[in-house]
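Numbering (the numbering used here), first residue to last: 101 to 985.
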């Protein structure tokens, strides 16, 4: 029987598609209490709902109420699991909205718009026990909803879904009314939509709330954003904002101009920005909006070289300068081309009292020192210098949205456009609307290049992710002097160096060169580039991505799919639920959740291509691709929380691998089964597949891989520890440590080594060697701390549990609270129920009953996801302790 229960917002119960209602407040409260708890002690629930009765009569009242619920609902939702407990009927197929808050189903968005209040409007007046339960659950789900919304906001930002961004920003602000990060995100979004009044209204509302409730002012970043929005507010109808209203330089200009507009002495500003930064556009946009009258002069190199041009410039400009306006803004573009005599003229104008003039000059950064060392140097005390960098990724996305109303870039599209243009405004404008704006830039960059240098530029245009001089030689093996030519291209601004690699200075120019190459030449270059991949100093994931890209463009479909799958496998290695055998720090994603979403999406897309190929061809190469796909599908499902479905994929993959003799996939499948056995607390499954993995490894040609051997030893040690064989476990772990410490690339196995140290701590703890155990736990944390968040949740949870039993309460609380922080960052909950329960016991010992009860609720909520037996015992211990406190 299908049962749907909605706890968030107004309580709702739907059985077999029909919504059922209970009018009596007490019966209704009892119903939803039991539906949430799922299984509960009769004495506990009786004492909550009938606190004035003795135990016998209270249990009788509970029994009568259950009969009444069955009569009113027409179905029996509950059964007596024992004489002392009430549980949900085993015939029910239960769906609960609150479970969506802790599951990692990225596709379901129903909870984004749901109420954030647990059992909103439900109350049971005069019943302190139920009200305490209700208040505790509301607080727990409040925090869980905050984390859920933050995670979903990251997803919305990754996808560029502005409507969801707005919805989630508003919801987070409602959940945390003093959170100014959420406020600024909302203000920025409203500003981009040209909703100035609404953006300022939410700011004023926050400002008032902070003053009245906390007696503090908003953060400086919030006030600065509000001032900027206020300065941009228009009196007329609201429409798309100017694409040149870059908040950083605009705010700085406004801060310099405001005192001048209010009567202060003359002020001048020098905007420093390279060609394409948009410094001149920023200056003109600010002048147009800030003053009724502004003058603009664009200087060219000939103004500096030919003093005779100054006289004609004076004639053109002088009548304007002598106009009678009381306030003017003068914008001088390319001020580095001011001739010395023109500088003297400018000095004279600075000293003029009528009209009052505000000067905005623009120049490239490398002109600053010679510019100030000339006659304008005496103006330094009144000259404010403002840097105008090339556009950031966010500004590129915003510029496109403002320039083309209705066009909204997702994260990948914005990143691609940013990389192609380098944030250069001229190139960005050219990519949106072809106006020939890049021609002058191309002319200046390409003139006087030799044919060899142009050929080198053409050949290396296939490298969109950087290259080395050795890779350039692979493409043009017969060409001499490549290193000298690369140096010339670098000095001319066509190449730039990032780390150990060379890149095209502007991606859009590289793309333009690339598109002019004949198709056969491009394919040949891409094949040569793919074969030179080993010369790149890249991690496993980056290497696979590089090869996939070039094999694909070389027309080698199967090689490209194999490389794509290797890339996704390297990504999934990081999301392993325990301790990855081999991980490069270069492969650690900056945005954990966003990367995981993208990996799942790409696996689905590539999977369709592999399945299509598998249906049309039968050979060893295609079978290998199919086995890899099934393996990665299983791992992706497991990493996403769908453990049972994932292990089914692994089982199918192992059957196929056994049939075709693919020992590597058999080994990897066995390792996944060991992890599955750990999660299911099944020692027999763990032992069987650990032995199988070791046997496969010993026979395989690739079995010398030290990281895989260490992985097997670590799992074998864990199996021994599960059986209580602490000495045997320590001996196996010592072998694993020696392997990793002697490995040629020790840094790749740091997470595996952390896991080994963690298991060593457990074994020493089992032997009663507590000081050594503590040292091992601390070593495991030190290997990871400051590098990644991955695994720190488990490492701190185990360390905190150890300190709870053999350390001080203060140290235990500190470690366990850090574990809770890491769970929130990673979005995981492996071992979280036990962590919450132990924290609750510690808080109760400290006399903090409220916190202890909150941890109990969290433990019960997260326990429903895994239902591990030893965690259930800790939860029961905390529950019993609270009942007698």
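Beta carbons are placed, not taken as given, at the ideal position from N, Cα and C, and that holds for glycine.
Contact between the segment 800-816 and the segment 757-772: three or more CB pairs below 8 Å? yes
Out of 607, 525, 530, 519, point me to the one whose CA is closest to residue 557's CA. Looking up residue 557 in the chain shown gives position 457. The candidate whose alpha carbon is nearest that of residue 557 is 607.
Cβ-Cβ separation, residue 895 to residue 854 (assumed contact under 8 Å), whole Å: On the chain shown, position 754 is the one that residue 854 refers to. On the chain shown, position 795 is the one that residue 895 refers to. Indeed they touch by this definition, with Cβ atoms about 7 Å apart.
Starting from the C-beta of residue 663, find all residues in its chain whose C-beta is less than 7 Å away, skip the five residues before and the five after it, and write them out in chain order. Counted from its first residue, the chain shown places residue 663 at position 563. Once the five neighbours on either side are set aside, the close Cβ partners of residue 663 are 644, 647, 648, 651.
Would you report the Cα separation of residue 636 and residue 585, rounded to the nearest angstrom? Residue numbering aside, residue 636 sits at position 536 when the chain shown is read from its first letter. Residue numbering aside, residue 585 sits at position 485 when the chain shown is read from its first letter. If you take the alpha carbons of residue 636 and residue 585, they lie about 20 Å apart.
If you draw a straight line from the alpha carbon of residue 255 to that of residue 281, how long is it in whole angstroms? If you number the chain shown from 1, residue 255 lands on position 155. If you number the chain shown from 1, residue 281 lands on position 181. Near 17 Å, if we compare the C-alpha coordinates of residue 281 and residue 255.
Which whole-angstrom value describes the C-beta separation of residue 654 and residue 630, a residue pair presumed to lie in contact below a C-beta threshold of 8 Å? Stepping through the chain shown from its first residue, residue 654 is reached at position 554. Stepping through the chain shown from its first residue, residue 630 is reached at position 530. Indeed, because the Cβ distance is near 6 Å, the residues count as touching under 8 Å.
Below 8 Å on the Cβ atoms is my contact criterion, and I expect residue 730 with residue 760 to pass it. Report the Cβ-Cβ distance as a whole number of Å. Position 630 of the chain shown, counted from the first residue, corresponds to residue 730. Position 660 of the chain shown, counted from the first residue, corresponds to residue 760. Wrong, their Cβ atoms sit about 12 Å apart, outside the cutoff.
DSSP beta-bridge partners of residue 102: Position 2 of the chain shown, counted from the first residue, corresponds to residue 102. 193, per the DSSP bridge assignment.
Would you mind sorting residue 193 into buried or exposed? The rule is 16 or more other CB atoms within 10 Å of its CB. Here the question's residue 193 lines up with position 93 in the chain shown. It is exposed - the Cβ of residue 193 has fewer than 16 other Cβ atoms within 10 Å.
Indicate whether residue 833 and residue 859 have their beta-carbon atoms separated by less than 9 Å. What you label residue 833 is simply residue 733 of the chain shown in a count that begins at 1. What you label residue 859 is simply residue 759 of the chain shown in a count that begins at 1. Yes, the Cβ-Cβ distance between residue 833 and residue 859 is below 9 Å.
Rounded straight-line distance, which links the Cα of residue 521 to that of residue 318: Residue mapping note: residue 318 aligns to position 218 of the chain shown, counting from 1. Residue mapping note: residue 521 aligns to position 421 of the chain shown, counting from 1. Those two C-alpha atoms are separated by around 36 Å.
By a C-beta neighbour count over all protein chains shown, 10 Å radius and 16 as the cutoff for buried, is residue 316 buried or exposed? In the chain shown, residue 316 corresponds to position 216, counting from 1. The residue is exposed, with fewer than 16 neighbouring Cβ atoms inside 10 Å.
Looking at C-alpha atoms only, which residue of 589, 292, 954, 736 is the closest neighbour of residue 707? The residue labelled residue 707 in the question sits at position 607 within the chain shown. Among 589, 292, 954, 736, the Cα nearest to that of residue 707 belongs to 736.
Measure the alpha-carbon distance for residue 709 versus residue 726 and round it to whole angstroms. Position 609 of the chain shown, counting from 1, holds the residue named residue 709. Position 626 of the chain shown, counting from 1, holds the residue named residue 726. The alpha-carbon atoms of residue 709 and residue 726 are separated by roughly 10 Å.
Can you pull the DSSP bridge partners for residue 118? Looking up residue 118 in the chain shown gives position 18. BP columns for residue 118 point to 115.
Element boundaries [beta strand (DSSP E), containing residue 462]: If you number the chain shown from 1, residue 462 lands on position 362. 456-463 is the extent of the beta strand (DSSP E) around residue 462.
Going by DSSP in three states, residue 221 sits in which element: helix, strand or coil? Position 121 of the chain shown holds residue 221. It is coil, neither helix nor strand.
Is it the case that the segment 782-792 contacts the segment 818-830, given that we only count it when at least three CB pairs across the two stretches are under 8 Å? yes
Following the continuous alpha helix (DSSP H) through residue 140, name the residue where it begins and the one where it ends. As a working note, residue 140 is residue 40 in the chain shown. No alpha helix (DSSP H) contains residue 140, which is instead part of the beta strand (DSSP E) from 139-141.
Sequence-distant residues of the same chain with beta carbon closer than 7 Å to residue 973, five excluded per side: Locating residue 973 in the chain shown gives position 873, counting from the first residue. Result list for residue 973: empty, nothing under 7 Å.
For residue 218 versus residue 238, is the C-beta distance shorter than 9 Å? Here residue 218 is taken as the residue at index 118 of the chain shown, counted from 1. Here residue 238 is taken as the residue at index 138 of the chain shown, counted from 1. Their beta carbons are under 9 Å apart, which means residue 218 touches residue 238 by this criterion.
Given a cut-off of 9 Å, decide if residue 892 and residue 918 are closer than it, judged by their beta-carbon atoms. Residue numbering aside, residue 918 sits at position 818 when the chain shown is read from its first letter. Residue numbering aside, residue 892 sits at position 792 when the chain shown is read from its first letter. Cβ distance < 9 Å, so residue 918 and residue 892 count as in contact.
Determine the burial state of residue 287: buried for a count of at least 16 other Cβ atoms within 10 Å of its Cβ, exposed for fewer. Residue 287 sits at position 187 when you count from the first residue of the chain shown. Classification for residue 287: buried.
Look up residue 431 in the DSSP assignment and say whether it is helix, strand or coil. Here residue 431 refers to the residue found at position 331 when the chain shown is read from its first residue. Reduced to three states, the DSSP call for residue 431 is strand.
Which term fits residue 935, buried or exposed, when burial requires 16 or more other beta carbons within 10 angstroms of its beta carbon? Within the chain shown, numbered from 1, the residue matching residue 935 stands at position 835. Counting Cβ neighbours within 10 Å, residue 935 comes out buried, since at least 16 surround it.
C-alpha gap between residue 626 and residue 615, whole angstroms: Within the chain shown, the letter at position 526 stands for residue 626. Within the chain shown, the letter at position 515 stands for residue 615. Rounded to whole angstroms, residue 626 to residue 615 spans 13 Å at the Cα level.
How is residue 299 classed by DSSP in three states: helix, strand or coil? Within the chain shown, residue 299 is the residue found at index 199, counting from 1. DSSP places residue 299 in helix when its eight states are reduced to three.
In whole angstroms, give me the CA-to-CA distance for residue 889 and residue 922. Position 789 of the chain shown, counting from 1, holds the residue named residue 889. Position 822 of the chain shown, counting from 1, holds the residue named residue 922. Distance between the alpha carbons of residue 889 and residue 922: 7 Å.
Contact belief for residue 986 with residue 532 at Cβ below 8 Å, rounded distance in angstroms: Any property of residue 986 remains undetermined from this structure, which presents the chain solely from 101 to 985.
With three or more C-beta pairs closer than 8 Å as the rule, is the segment 862-870 touching the segment 665-674? no
Could you give the DSSP three-state label for residue 369: helix, strand or coil? The residue given as residue 369 occupies position 269 in the chain shown. Strand, per DSSP.
Report the CB separation of residue 739 from residue 675 in whole angstroms; it is logged as a contact under 8 Å. As a position in the chain shown, residue 739 is number 639, starting the count at 1. As a position in the chain shown, residue 675 is number 575, starting the count at 1. Indeed they touch by this definition, with Cβ atoms about 4 Å apart.
Buried or exposed: residue 983, going by 16 or more other Cβ atoms within 10 Å of its Cβ? The residue labelled residue 983 in the question sits at position 883 within the chain shown. It is exposed - the Cβ of residue 983 has fewer than 16 other Cβ atoms within 10 Å.
To the nearest angstrom, how far is it from the Cα of residue 336 to the Cα of residue 241? As a first step, residue 336 is located in the chain shown; it is residue number 236 there, counting from the start. As a first step, residue 241 is located in the chain shown; it is residue number 141 there, counting from the start. With a pLDDT of 41 at residue 336, under the threshold of 50, the modelled position of that residue is not reliable, and the figure given next carries that caveat. Spanning the two alpha carbons is a distance of roughly 44 Å.
Residues of its chain near residue 588, where Cβ-Cβ distance is below 7 Å and the 5 sequence neighbours each way are ignored: In the chain shown, counting from the first residue as 1, residue 588 sits at position 488. Counting only Cβ-Cβ distances below 7 Å, and skipping sequence neighbours, we find 553.
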